[in-house]
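Peer 1:
There are 2 protein chains.
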Amino acid sequence: MKEKDLNELIEGSNEEQIAEKKLKILEAAIKVFSEKGFEGSRTSEIAKEAEVAEGTIFKYFKTKKDLLSGLLIPLSIKFLRPLIMKSAEDILKKDKENATEEILKELFLDRLSLIKKNMPLIKTVLVEAIYHDELLEPIKEQVVPQVLQLLDSYVDSHKQNGDFNDYNTRLISRTMMSLLMGYIVLSSVFPEFFSLNEDEKEIESIVDIFLNGVKNKGEQI
Amino acid sequence: MKEKDLNELIEGSNEEQIAEKKLKILEAAIKVFSEKGFEGSRTSEIAKEAEVAEGTIFKYFKTKKDLLSGLLIPLSIKFLRPLIMKSAEDILKKDKENATEEILKELFLDRLSLIKKNMPLIKTVLVEAIYHDELLEPIKEQVVPQVLQLLDSYVDSHKQNGDFNDYNTRLISRTMMSLLMGYIVLSSVFPEFFSLNEDEKEIESIVDIFLNGVKNKGEQI
DNA sequence: TCCGTAAGTGAGTGTTCACTCACTCATATA
DNA sequence: TATATGAGTGAGTGAACACTCACTTACGGA
């Protein structure tokens, strides 16, 4: 069932139907790459994981490297599209009705679960992008601008109605990303040091610090 | 000259003198690993970079993997020790005399330049720690607790004298780390999107948001 | 000067790996 | 039923790799 998800998404979006075996190979590649890294993974292991013969991999992907590039399509479909679409709806619709705190909390929690659900895929693509420039380019062209457009426009509207201080918009967006990324990375790599509470409590605190800072205002002169 | 740095540090700290060739091999390994990743690196390339024969590598390191573990020693000496020592001095001494803003700015800038200077080493160890658990353990035992002890005690003292709000200490420490990490990662991986100013201006803004948050207090009811 | 020791060398080796290709077989069509 | 097609297979292959080892060289002490 799990491997159907991707296919449905792709069908639903008018892209060419991806063969069942090809899908299983991609899912297997995500799993193995995320556990061993690209160079540390063996095509034989991916074949085993996908329950196909090793030759089948090379029917669908010319080289092992093509298999890595092939992950970019699942990345944009499974991760990027929901990221963009759901955000647009939620933020823009509910923004006026609810407190900023609530909206941000919901937004952060939503992004958090989306990232956690796609962790192996995201991890693989981001880590390998460090060593393979070809991977970084599509991210710079397709992912980052979309995410920033959303965040920036959200921030801008709050600056305009006086909710937010007049910091540089991009600085505020970057701060939001830093706080969420930092939480995810630190609490998953070093859980014994940084996982203090359930996600919901944590996100609440993060939003609170983001909005109010740590300084005790009673102290100010 | 560059490869002398490490040696001097090690000598100065009463550890055994590291042979010149061994040092060159470690420096070369840091360079090659950081460019290609551990599995993507060839011992032949490391040998070439270090200007030694391939066999020499295996005189000093039993296996290629030992070479990776060997990086942990340079890591703690080149990076961790200065991190701990300089912080302890600076923060604790100047804390009372200067404004919190100034201390934090100096602290962040200092950590930033230390991290940037050791980027290839830090990058390699952190990325490979994802795939090799043996690397993560020393970090969990030697690096993270030390850094946290420092940060936490700094935060605690500011909570006690009323400078900081009564958030969980670890939460505040994590926020500081997230903000700095986020800035470093985002502005070095996606400079065209996130490098807005010189480091000093950026750090000032980060400290300001950390202390005061983004919310416009005039708006509050 | 001669020897002993140890650092350094690099051609050689066995293994592992990505990739190929001649083949099988299930299904579609007539 | 007979034939054609192409998806799928997996033993085989050449290249690349980590690692070895017999050797060379440099040097300190007798």
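Chains A and B are the protein sequences, given in the same order.
Using numbering that gives the first Met the number 0, read the first sequence as starting at 0 and increasing by one per residue.
Using numbering that gives the first Met the number 0, read the second sequence as starting at 0 and increasing by one per residue.
Think of the CB as a built atom: it goes at the ideal place given N, C-alpha and C, for glycine as much as any other residue.
All of these numbers come straight from a predicted model, not from anything done at the bench.
#1: I believe B:Ser149 touches B:Ser86 by the beta-carbon criterion, under 8 Å. Please report the beta-carbon distance rounded to the nearest angstrom.
#2: Which of the three DSSP states is assigned to A:Phe37 in this structure?
#3: Whole beta strand (DSSP E) runs in the segment 98 to 152 of chain B with 3 or more residues, listed along the chain?
#4: Compare the beta carbon distance of B:Lys93 and B:Ile102 with 8 Å and say whether it is the shorter of the two.
#5: Go ahead and pull the three-state DSSP assignment for A:Phe163.
#6: For B:Val188, which of B:Asn164, B:Val142, B:Lys122 has the nearest alpha-carbon?
#7: At 9 Å on the CB atoms, spell out the chain A contacts of B:Asn211, in chain order.
#8: Given a threshold of 16 other Cβ atoms within 10 Å of its Cβ, counted over all protein chains shown, does A:Gln219 qualify as buried or as exposed?
#9: Please determine, among B:Asp151, B:Asp109, B:Tyr59, the residue with the shortest C-alpha to C-alpha distance to B:Leu82.
#10: Would you call the segment 64 to 72 of chain A and the segment 21 to 35 of chain A in contact, with 3 or more CB pairs under 8 Å?
#11: Comparing C-alpha positions only, which one of B:Leu134, B:Leu120, B:Asp165 sits nearest to B:Lys35?
#12: Name, in chain order, the residues that DSSP records as bridge partners for B:Lys216.
#13: B:Glu221 CB to nearest chain A CB: under 8 Å?
#14: Just the Cα atoms here: how many angstroms apart are A:Asn97 and A:Met176?
#15: Using the C-alpha atoms, what's the distance from A:Leu113 back to A:Thr55?
#16: Label A:Glu133 either buried or exposed according to how many other C-beta atoms from any shown protein chain fall within 10 Å of its C-beta, with 16 as the threshold for buried.
#17: Evaluate B:Thr174 with the Cβ neighbour count: other Cβ atoms within 10 Å of its Cβ, from every protein chain shown; 16 or more gives buried, anything less gives exposed.
#18: Assign A:Phe78 to one of three DSSP states: helix, strand, or coil.
#19: Decide if A:Lys61 is buried, meaning its Cβ has at least 16 other Cβ atoms within 10 Å, or exposed.
#20: Using a Cβ-Cβ cutoff of less than 8 Å, which residues in the same chain neighbour B:Phe192 once the five nearest sequence positions on both sides are dropped?
#21: Just verifying my parser: in three-state terms, what is the DSSP assignment at B:Val51?
#22: Pull up the distance between the alpha-carbon of A:Ser75 and that of A:Pro137, whole angstroms please.
#23: Can you pull the chain B residues whose beta carbon is under 8 Å from the beta carbon of A:Tyr182, in chain order?
#24: Reducing DSSP to helix, strand and coil, say where A:Phe192 ends up.
#25: Counting along the chain, where does the alpha helix (DSSP H) carrying B:Leu66 start and finish?
#26: Less than 6 Å between C-beta atoms, sequence neighbours within five positions excluded: which residues of the same chain meet that for A:Lys158?
#27: Kindly say whether A:Asn167, judged by its beta-carbon, lies nearer than 8 Å to any beta-carbon of chain B.
#28: Quick check on A:Asn211: buried or exposed, where buried means 16 or more other Cβ atoms within 10 Å of its Cβ?
#29: B:Gly54 CB to nearest chain A CB: under 8 Å?
Peer 2: In brief:
#1: Locating residue 149 of chain B in the second sequence gives position 150, where the first residue counts as 1. Locating residue 86 of chain B in the second sequence gives position 87, where the first residue counts as 1. First, the residue type needs correcting, since residue 149 of chain B is Leu and not Ser in the sequence shown. Between B:Ser86 and B:Leu149 the Cβ distance is about 5 Å, and since that is below 8 Å, they are a contact.
#2: Position 38 of the first sequence, counting from 1, holds the residue named residue 37 of chain A. Note: A:Phe37 maps to coil in three-state DSSP.
#3: none
#4: Against the second sequence, residue 93 of chain B aligns to sequence position 94. Against the second sequence, residue 102 of chain B aligns to sequence position 103. Cβ atoms of B:Lys93 and B:Ile102: closer than 8 Å.
#5: Locating residue 163 of chain A in the first sequence gives position 164, where the first residue counts as 1. Three-state DSSP puts A:Phe163 in a strand.
#6: Counting from 1 along the second sequence, the entry for residue 188 of chain B is found at position 189. Looking at the Cα atoms, B:Lys122 is the closest of the given residues.
#7: The sequence position of residue 211 of chain B within the second sequence is 212, counting from 1. Result: Asn164, Asn211, Gly212, Val213, Lys214, Lys216.
#8: As a first step, residue 219 of chain A must be located in the first sequence, where it is residue number 220. Reliability of the predicted coordinates at A:Gln219 is poor, the pLDDT of 43 falling under 50, and the value obtained from them is presented with this limitation in mind. The residue is exposed, with fewer than 16 neighbouring Cβ atoms inside 10 Å.
#9: Position 83 of the second sequence, counted from the first residue, corresponds to residue 82 of chain B. When only C-alpha atoms are compared, the closest one is B:Asp109.
#10: yes
#11: What you label residue 35 of chain B is simply residue 36 of the second sequence in a count that begins at 1. Comparing Cα-Cα distances from B:Lys35 to each of B:Leu134, B:Leu120, B:Asp165, the minimum goes to B:Leu120.
#12: What you label residue 216 of chain B is simply residue 217 of the second sequence in a count that begins at 1. Partner(s): none; B:Lys216 has no beta bridge.
#13: Missing from the structure shown is residue 221 of chain B; chain B here goes from 0 to 220 and no further.
#14: Within the first sequence, numbered from 1, the residue matching residue 97 of chain A stands at position 98. Within the first sequence, numbered from 1, the residue matching residue 176 of chain A stands at position 177. Taking the straight line joining both Cα atoms gives about 22 Å.
#15: In the first sequence, the residue the question calls residue 55 of chain A occupies position 56. In the first sequence, the residue the question calls residue 113 of chain A occupies position 114. So the two alpha carbons sit approximately 31 Å from each other.
#16: As a working mapping, residue 133 of chain A is identified with position 134 in the first sequence. So A:Glu133 counts as exposed.
#17: Here residue 174 of chain B refers to the residue found at position 175 of the second sequence. Per the 10 Å Cβ criterion, buried.
#18: Within the first sequence, the letter at position 79 stands for residue 78 of chain A. If DSSP states are grouped into helix, strand and coil, A:Phe78 belongs with the helices.
#19: Mapped onto the first sequence, residue 61 of chain A falls at position 62. It is exposed - the Cβ of A:Lys61 has fewer than 16 other Cβ atoms within 10 Å.
#20: The residue labelled residue 192 of chain B in the question sits at position 193 within the second sequence. Counting only Cβ-Cβ distances below 8 Å, and skipping sequence neighbours, we find Leu185.
#21: Locating residue 51 of chain B in the second sequence gives position 52, counting from the first residue. Coil.
#22: Counting from one through the first sequence, the residue named residue 75 of chain A turns up at place 76. Counting from one through the first sequence, the residue named residue 137 of chain A turns up at place 138. Spanning the two alpha carbons is a distance of roughly 10 Å.
#23: If you number the first sequence from 1, residue 182 of chain A lands on position 183. Those within 8 Å of A:Tyr182 in chain B are Arg173, Ser177.
#24: The sequence position of residue 192 of chain A within the first sequence is 193, counting from 1. Three-state result, A:Phe192: helix.
#25: By 1-based counting over the second sequence, the position of residue 66 of chain B is 67. Run containing B:Leu66: 63 to 69, per the alpha helix (DSSP H) assignment.
#26: Within the first sequence, residue 158 of chain A is the residue found at index 159, counting from 1. Once the five neighbours on either side are set aside, A:Lys158 has no close Cβ partner at all.
#27: For the purposes of this step, residue 167 of chain A is taken as residue 168 along the first sequence, with counting starting at 1. True, the Cβ-Cβ gap to chain B drops below 8 Å.
#28: Within the first sequence, the letter at position 212 stands for residue 211 of chain A. A:Asn211 is buried by the Cβ-count criterion.
#29: As a first step, residue 54 of chain B is located in the second sequence; it is residue number 55 there, counting from the start. So, not an interface residue.
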